[in-house]
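**Student:** Taken in sequence, the protein lines are chains A and B.
Just so you know, we're using the working numbering here: the first sequence kicks off at 1 and counts up by one.
Just so you know, we're using the working numbering here: the second sequence kicks off at 157 and counts up by one.
Note that beta-carbon positions come from the ideal geometry of N, C-alpha and C, so glycine has one too.
There are 2 protein chains.
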Amino acid sequence: MFMARHDHQLHEGEALKKAARERLTREGEQWTDMRASVFEALAHFDKPASAYDIAEAVSKSQGRRVAANSVYRILDLFVNANLARRVESANAYVANQHPECLHDCIFLICDTCGQTVHIDDDSLSGGVREAARSAGFSAPRPVIEVRGTCSDCEHD
Amino acid sequence: MFMARHDHQLHEGEALKKAARERLTREGEQWTDMRASVFEALAHFDKPASAYDIAEAVSKSQGRRVAANSVYRILDLFVNANLARRVESANAYVANQHPECLHDCIFLICDTCGQTVHIDDDSLSGGVREAARSAGFSAPRPVIEVRGTCSDCEHD
DNA sequence: ATTCGTATGTTATATTGTAACTCGTTTGCC
DNA sequence: GGCAAACGAGTTACAATATAACATACGAAT
Numbered sequence: 001m002f003m004a005r006h007d008h009q010l011h012e013g014e015a016l017k018k019a020a021r022e023r024l025t026r027e028g029e030q031w032t033d034m035r036a037s038v039f040e041a042l043a044h045f046d047k048p049a050s051a052y053d054i055a056e057a058v059s060k061s062q063g064r065r066v067a068a069n070s071v072y073r074i075l076d077l078f079v080n081a082n083l084a085r086r087v088e089s090a091n092a093y094v095a096n097q098h099p100e101c102l103h104d105c106i107f108l109i110c111d112t113c114g115q116t117v118h119i120d121d122d123s124l125s126g127g128v129r130e131a132a133r134s135a136g137f138s139a140p141r142p143v144i145e146v147r148g149t150c151s152d153c154e155h156d
Numbered sequence: 157m158f159m160a161r162h163d164h165q166l167h168e169g170e171a172l173k174k175a176a177r178e179r180l181t182r183e184g185e186q187w188t189d190m191r192a193s194v195f196e197a198l199a200h201f202d203k204p205a206s207a208y209d210i211a212e213a214v215s216k217s218q219g220r221r222v223a224a225n226s227v228y229r230i231l232d233l234f235v236n237a238n239l240a241r242r243v244e245s246a247n248a249y250v251a252n253q254h255p256e257c258l259h260d261c262i263f264l265i266c267d268t269c270g271q272t273v274h275i276d277d278d279s280l281s282g283g284v285r286e287a288a289r290s291a292g293f294s295a296p297r298p299v300i301e302v303r304g305t306c307s308d309c310e311h312d
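(1) Can you pull the chain B neighbours of A:Thr-149, defined as C-beta to C-beta under 8 Å?
(2) How big is the Cα-Cα spacing for B:Cys-266 and A:Glu-29?
(3) Distance check for B:Gly-219 and A:His-98, CA to CA, integer angstroms please.
(4) Identify, in the order they occur along the chain, each residue of the same chain with its Cβ nearer than 6 Å to the Cβ of B:Tyr-228, setting aside the five sequence neighbours on each side.
(5) In the DSSP assignment, what are the bridge partners of A:Tyr-52?
(6) According to DSSP, is A:His-118 part of a helix, a strand, or is it coil?
(7) Between B:Gly-219 and chain A, is any beta-carbon pair separated by less than 8 Å?
(8) For chain B, check one thing: does any of its Cβ atoms lie closer than 8 Å to the Cβ of A:Leu-108?
(9) Comparing C-alpha positions only, which one of A:Ser-125, A:Thr-32, A:Glu-130 sits nearest to B:Val-284?
(10) Decide if the stretch 131–143 of chain A is in contact with the stretch 284–297 of chain B; the criterion is three or more beta carbon pairs, one per stretch, under 8 Å apart.
(11) Can A:Asp-152 and A:Cys-113 be called in contact, C-beta distance under 8 Å?
(12) Should B:Ala-224 and B:Ala-211 be called a contact, given that it needs their Cβ atoms to be closer than 8 Å?
(13) So, B:His-259 versus B:Asp-232, is the Cβ gap smaller than 8 Å?
(14) Is the beta carbon of B:Pro-204 less than 8 Å from the beta carbon of B:Val-250?
(15) What is the residue span of the beta strand (DSSP E) that A:Glu-113 lies within?
(16) If contact means a Cβ-Cβ distance below 7 Å, which residues of the stretch 73–98 of chain A contact chain B?
(17) Could you check the C-alpha separation between A:Ala-43 and A:Gly-13 for me, to the nearest Å?
(18) Could you tell me the distance, in whole angstroms, from the CA atom of B:Ser-195 to the CA atom of A:Leu-24?
(19) When DSSP labels each residue in this structure, what does B:Arg-220 get in the three-state scheme?
(20) If the cut is a Cβ gap below 7 Å, which residues of chain B does A:Ala-132 touch?
(21) Would you mind sorting A:Ala-15 into buried or exposed? The rule is 16 or more other CB atoms within 10 Å of its CB.
(22) Counting only the same chain and skipping the five closest in sequence on each side, list residues whose C-beta sits under 7 Å from that of B:Ala-246.
(23) May I ask you to list, following chain order, the residues of the stretch 111–131 of chain A that have a beta carbon less than 7 Å from some beta carbon of chain B?
(24) The alpha helix (DSSP H) that contains B:Asp-304, what's its start and end?
(25) For the beta strand (DSSP E) containing A:Ala-92, list its first residue and its last residue.
(26) Sorted by chain position, which residues of the same chain lie with C-beta nearer than 6 Å to A:Cys-150's C-beta, five sequence neighbours on each side aside?
(27) For the putative contact between B:Glu-183 and B:Ala-248, defined by C-beta atoms under 8 Å, what is the C-beta separation to the nearest angstrom?
(28) Tell me the rounded alpha-carbon separation between B:Glu-244 and A:Val-87.
(29) Would you say B:Pro-204 lies against chain A (beta-carbon separation less than 8 Å)?
(30) Between B:Glu-178 and chain A, is the shortest Cβ-Cβ distance under 8 Å, so that the two count as touching?
(31) If distances are taken between C-alpha atoms only, which option among B:Ala-240, B:Phe-263, B:Ile-262, B:Cys-261 comes closest to B:Asn-252?
(32) Between the Cα of B:Arg-303 and the Cα atoms of B:Phe-263, B:Trp-187, B:Ala-175, B:Glu-178, which residue gives the shortest distance?
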């Protein structure tokens, strides 16, 4: 089976941070220190991170106690602005590697190690959207995730 | 777009309860009073119910305090036995209307009223499974849900 | 200077989910 | 019958996730 190809850029490190900042400001929102800290913490995790994980990381990097509360607010903002995604079946968040373009994305989450890979396949997500529409749902936002075992964990 | 058709039976009321009991006993599990109560409570909700919602309903029907704890155990059993499904994006559960056959199912959840409809489309879910496999994931269990607005709530 | 909007802090609380241990009943075995 | 094993459920405690309500800080607009 063929995967939909991405010809847009995947950002990382500083480039990702810059792309995120630009995206957020283009939305008319501010790129504050706090938001930068939260984004940085989020981007440094190599698997989906809970709001509390992020609160802890930010607390460390700031040398003061940052409440989960504030992190939730910023994560909500990020999700709305397409800077981050929520992984529903893990109650956790990941940074979006290409905040400039909209996709329904598909997460593959390893039940063993928690590693999560993110694929885009607009034909699949489009099919799901269409199915929802023909059932009378408007403004559909597909949540497509797969729990399973990744190839690394399979070799045990 | 065409929907995969279901030619199997949709159960309701007593028939559903009977089908659930048969399925569970065929799995080698017991159909106890407590399990019957939980199933009944679950089946009576017209939208996904949290474990705590169910605990409350069961408490009422039994005239005594039933802890959420016990309900969770039974819900897990039900999910494993295909008597119920978990709606990940709502942290809630629904009864499976046809416990005798396996499907990856797709939930459409109205963000306004909470109503949830359940569709099966094996070509869509199969596509998601395949995408996961070709990314190296084994034993894939798709979670496909759509948040949106149902046709009833659209007319406001 | 005052007011307003926005971002964040602070505290409290609600909701969802597990862990650990106990008790009672049934079943099978001697 | 007596006993142990297996299972279902009760009970208590707690962990993890999420939201609500209100206070404070600060810059921009009037």
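**Tutor:** Let me lay it out:
(1) Phe-293, Ser-294, Ala-295
(2) 28 Å
(3) 54 Å
(4) Ala-207
(5) In the DSSP output, where bridge partners are listed per residue, A:Tyr-52 has none listed.
(6) strand
(7) no
(8) yes
(9) A:Ser-125
(10) no
(11) yes
(12) yes
(13) no
(14) yes
(15) The sequence given here places Cys at residue 113 of chain A; Glu does not occur at that position. Counting along the chain, A:Cys-113 falls outside any beta strand (DSSP E), and DSSP gives it neither H nor E.
(16) Glu-88, Ser-89
(17) 8 Å
(18) What sits at residue 195 of chain B in the sequence shown is Phe, not Ser. Taking the straight line from one Cα to the other gives about 47 Å.
(19) coil
(20) Leu-264, Val-302, Gly-304
(21) exposed
(22) Pro-204, Ile-265
(23) Val-117, Ile-119, Asp-121, Leu-124, Gly-127, Val-128, Glu-130, Ala-131
(24) In the sequence on display, residue 304 of chain B carries Gly and not Asp. Where B:Gly-304 is concerned, there is no enclosing alpha helix (DSSP H), although the beta strand (DSSP E) it sits in stretches over 294–305.
(25) 92–95
(26) Cys-110, Gln-115
(27) With a Cβ gap of about 23 Å, B:Glu-183 and B:Ala-248 do not count as contacting.
(28) 10 Å
(29) no
(30) no
(31) B:Ala-240
(32) B:Phe-263
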